[in-house]
Structure formats: structure tokens, C-alpha cells
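*Asks:* Residue numbers (our numbering): 19 to 333. Positions of the beta carbon are idealized from the N, C-alpha and C atoms, including for glycine. Structure below; questions to follow.
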Amino acid sequence: MLLLCLILSLDSLLLRGIELSYEESYAEAEAVFFELSDRDPDDPAPYFFLSSLYTAYMSDFETDSLEDKFIACVDTTLETGTRILEHGEDAWAYVWRGGVLINRAYYRYENGDILGMLEDGTNAIRELNSALAVDSTVYDAYIGIGIYDYINYRIRNAIPFMEGNGDWRKELEIASDSARFLRVAAKNTLALLLIEEGDWDGAIKITEELLREYPYSRTFTWTLAKALYGKRDWKNAEEVYKRLIHLIEIGQPNAPYPLVCAMDKLAEVYSLTGRYDRCKIEASKILDITEGLGDRYDEFRERARSFLVKANEDR
Numbered sequence: 019m020l021l022l023c024l025i026l027s028l029d030s031l032l033l034r035g036i037e038l039s040y041e042e043s044y045a046e047a048e049a050v051f052f053e054l055s056d057r058d059p060d061d062p063a064p065y066f067f068l069s070s071l072y073t074a075y076m077s078d079f080e081t082d083s084l085e086d087k088f089i090a091c092v093d094t095t096l097e098t099g100t101r102i103l104e105h106g107e108d109a110w111a112y113v114w115r116g117g118v119l120i121n122r123a124y125y126r127y128e129n130g131d132i133l134g135m136l137e138d139g140t141n142a143i144r145e146l147n148s149a150l151a152v153d154s155t156v157y158d159a160y161i162g163i164g165i166y167d168y169i170n171y172r173i174r175n176a177i178p179f180m181e182g183n184g185d186w187r188k189e190l191e192i193a194s195d196s197a198r199f200l201r202v203a204a205k206n207t208l209a210l211l212l213i214e215e216g217d218w219d220g221a222i223k224i225t226e227e228l229l230r231e232y233p234y235s236r237t238f239t240w241t242l243a244k245a246l247y248g249k250r251d252w253k254n255a256e257e258v259y260k261r262l263i264h265l266i267e268i269g270q271p272n273a274p275y276p277l278v279c280a281m282d283k284l285a286e287v288y289s290l291t292g293r294y295d296r297c298k299i300e301a302s303k304i305l306d307i308t309e310g311l312g313d314r315y316d317e318f319r320e321r322a323r324s325f326l327v328k329a330n331e332d333r
């Protein structure tokens, strides 16, 4: 009974850290995962979630400042998982190893290491399939499998006379419905892939569900904005981009890049709908914010100037 209570307590703490991650309370989530790793340094789960947290932070703030921490957590997840598996089959050890390899595959893709991404993806699938072979109810494994199968689906569809299957969607739906720890991550992943497939309504439905749970999430607000933009639902896209800008200004006051990204899309919406006065306001803000910043902002400056030229021509 004491052991059961301890396991439930650790699960509850882990879930709290995950919730804080989705709320983008990064420091608080990190503290929870550190506490869990201090309680049991041999458990790979906290290190996996730290790697996911650092990935989310770097994506949210458009920075590579946590790369060293991320890589260290990947290595520790793999090492602790391996030690567990040396003593016998363990479905969750496979899940965390496979999951962290998916995280590293994404990291390598973002850094242009395509061969490294493919290697990690292939190894991840082997780990995740092993997890399901040990315990078919470990539904968290399906998020990584779904991502991998989606990549294969896109590759096959790009080859003449070949057609990929839609298993990726079913797999991510299983994780979205039944995963113990990764349900929310699976939902957002599914929404993003539906956007890639042009299923705007499917993505919007999922993301609106997520935002009912996490109304202040910049990550999920970005996903909704992308879906509305893709659907060309300009009225609702405008409102969501304005909401996103507000969330960024509150939660990321010293991060101009995400702010400028959102303002750029809002200016584009105004330009596309012929609302040139508002477009000029946003474009001028972009030029003011990016003045004196580096080459990274050149594209935004060029687009802002083009918005201003178009606005003046079409008035």
C-alpha cells in the first residue's frame, strides 16, 4: 500500500509538471521535474520531460540558449532507460527512450542534420514498438509512431505512383484519446499535421479544445492562428493574431522575434482584406521594433516596407 501511494504521488507530481509545461510556466515546470529526478535519479521520465520542456522553450522564444541542457537530458534519458532495460523488459523505459529520440530527431532536423534525424527516428520507432510489444495499453507510444508514420506518408506521396496510408492519423488519435502523460502533446501534434494536410476544420476543432483547457497558451494559440489563416478565415484569424500578440507582450516582454512574427501575420491579414490603414499601423510597428536589430529581422523589415508600399498604392 505504501509503495502504491508513493507511485501515485510521483505520478501526480509528474502530471503537475506537464500541466505547468503546457501553461508555459517553464521555471515552475523545470523545478517539478528536478524534484522528481532528485527523488529518483534512475527514473528516465523526468529527464524526458525536461528535454521536451527545453524544446518547447526554445521553440516558443526562438532561441538556442538551452541546447546544452537539452542534449544532457537526452543523454540521461537514454542512459537511465538502458539501465532499467538491463534488468528486464519495461514498457515505460522504452517509451521514454523512444520519445526522447523523437525529440532529438526534431532538434537535428531543425539544425539541418537530416541523416541524424532519420537515424534517431528509426531507432525511436524500434523503442516505441518494443513498448507496445511489452504492454499494448501504453498508448503514449503512439504519438512518436504517428509522427514517424506521417513522415513516411509524406515521402511516399512525393514519389510517383506511390501512395502513403493514413495510419498516422489513427495513431495520433489513439494517443490524443488515451495517452496517460502525452494526451495534450498528441492533440497539438495532430492539429499541426492536419494543418499540413489542409484539414483546417479538423485542426481548428482540436485546437479550440486545447485552448479551453489552456486559454493562455501561446503555443496552442499559434496553432489555431495557423489553421484559421490556412482556411482564409480572415475575421477570426485577425482576432486570434491580436490575442496572440497580447499573450506575447505579457509573457515574452523581452522576446521581439515571436512578437514580430505575429505582427507580420496580422499585417498580412489586413493587407489581404484591404484594411490598409490598420496594415500600415502594424507595418510601422514592425519597423520600429526591429530598428537596430540584426540580419535575422531583414525579411520582416522588407515585408513591412512592401505592406506600406501596397497600402499607399491601393488607397
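1) So, under 8 Å CB-CB, Ser39 and Val118 are touching, yes? Tell me the CB distance rounded to an integer number of Å.
2) Please classify Lys253 as buried or exposed, where buried requires at least 16 other C-beta atoms within 10 Å of its C-beta.
3) Using C-beta distances below 7 Å, list every residue in its chain close to Leu22, excluding the 5 sequence neighbours before and after it, in chain order.
4) Between which residues of its own chain and Cys91 is the CB-CB distance below 8 Å, once the five residues before and five after are set aside?
5) Check the C-beta distance from Val287 over to Ala255 and give it rounded, since I have them as a contact under 8 Å.
6) With Arg57 as the anchor, note down where its alpha helix (DSSP H) starts and where it stops.
7) Given a cut-off of 8 Å on the beta-carbon distance, is the pair Asp138 and Ala123 in contact?
8) In whole angstroms, what is the alpha-carbon distance linking Ala301 and Thr239?
9) Would you say the segment 122 to 136 touches the segment 170 to 190, given that touching needs at least three Cβ pairs under 8 Å?
10) Is the number of C-beta pairs between the segment 268 to 285 and the segment 76 to 96 that are closer than 8 Å three or more?
11) Please return the same chain residues whose Cβ sits closer than 8 Å to the Cβ of Arg314, not counting the five positions on each side in sequence.
12) Measuring CA to CA, which of Arg144, Gly310 and Ser154 is closest to Gly162?
13) Span of the alpha helix (DSSP H) holding Thr73?
14) In angstroms with no decimal places, state the Cα-to-Cα distance between Asp217 and Leu208.
15) Give the straight-line distance between the Cα atoms of Gly99 and Asn141, rounded to the nearest whole angstrom.
16) Could you please give the first and the last residue of the uninterrupted alpha helix (DSSP H) stretch that includes Ala193?
17) Report the rounded CA-to-CA distance for Glu347 versus Arg201, giving the unit in angstroms.
18) Under 7 Å Cβ to Cβ from Glu257, same chain only, skipping five residues before and after it: list those, please.
19) Any idea what DSSP makes of Glu286, helix, strand or coil?
20) Quick one: using the 10 Å Cβ neighbour count with 16 as the cut-off for buried, is Gly35 buried or exposed?
21) Taking Arg296 and Thr308 to be in contact with their CB atoms under 8 Å, please state how far apart those CB atoms are, rounded to whole angstroms.
22) What is the DSSP secondary structure of Ser235, counted as helix, strand or coil?
23) Take the Cβ of Glu42 as the centre, count every other Cβ of all protein chains shown within 10 Å, and call the residue buried at 16 or more, exposed below.
24) By how many angstroms is the C-alpha of Asp306 removed from the C-alpha of Ala271?
25) Residues in its own chain within less than 6 Å of Ala149 by CB, not counting five upstream and five downstream?
26) Starting from Phe88 and walking both ways along the alpha helix (DSSP H), at which residues does that stretch end?
*Replies:* So, from the listed chains and residues:
1) Going by Cβ atoms, the distance from Ser39 to Val118 rounds to 15 Å, so no, they are not a contact pair.
2) exposed
3) Since pLDDT at Leu22 reaches only 37, below the 50 mark, its modelled position is unreliable, and the value read off the structure follows with that caveat. Hits under 7 Å: none found.
4) Tyr65, Phe66, Leu68, Ser69, Tyr72 and Val118.
5) 5 Å
6) Tyr44 to Arg57
7) yes
8) If you take the alpha carbons of Ala301 and Thr239, they lie about 22 Å apart.
9) no
10) yes
11) Tyr275
12) With distances taken between Cα atoms, Gly162 lies closest to Arg144.
13) Pro62 to Phe79
14) Taking the CA atoms as reference points, Asp217 sits about 11 Å from Leu208.
15) 14 Å
16) Asp185 to Ser196
17) The requested residue 347 does not occur in the structure, where the chain is confined to residues 19 to 333.
18) none
19) helix
20) buried
21) Incorrect: roughly 19 Å between the Cβ atoms, too far for contact.
22) Coil at Ser235, not helix or strand.
23) buried
24) With the sequence shown as reference, residue 271 is identified as Pro, and Ala is not the correct amino acid for it. It is roughly 15 Å from the alpha-carbon of Pro271 to the alpha-carbon of Asp306.
25) Ala109, Tyr112, Val113, Val156 and Ala159
26) It spans Glu85 to Leu103 - the alpha helix (DSSP H) in which Phe88 sits, taken as one unbroken run.
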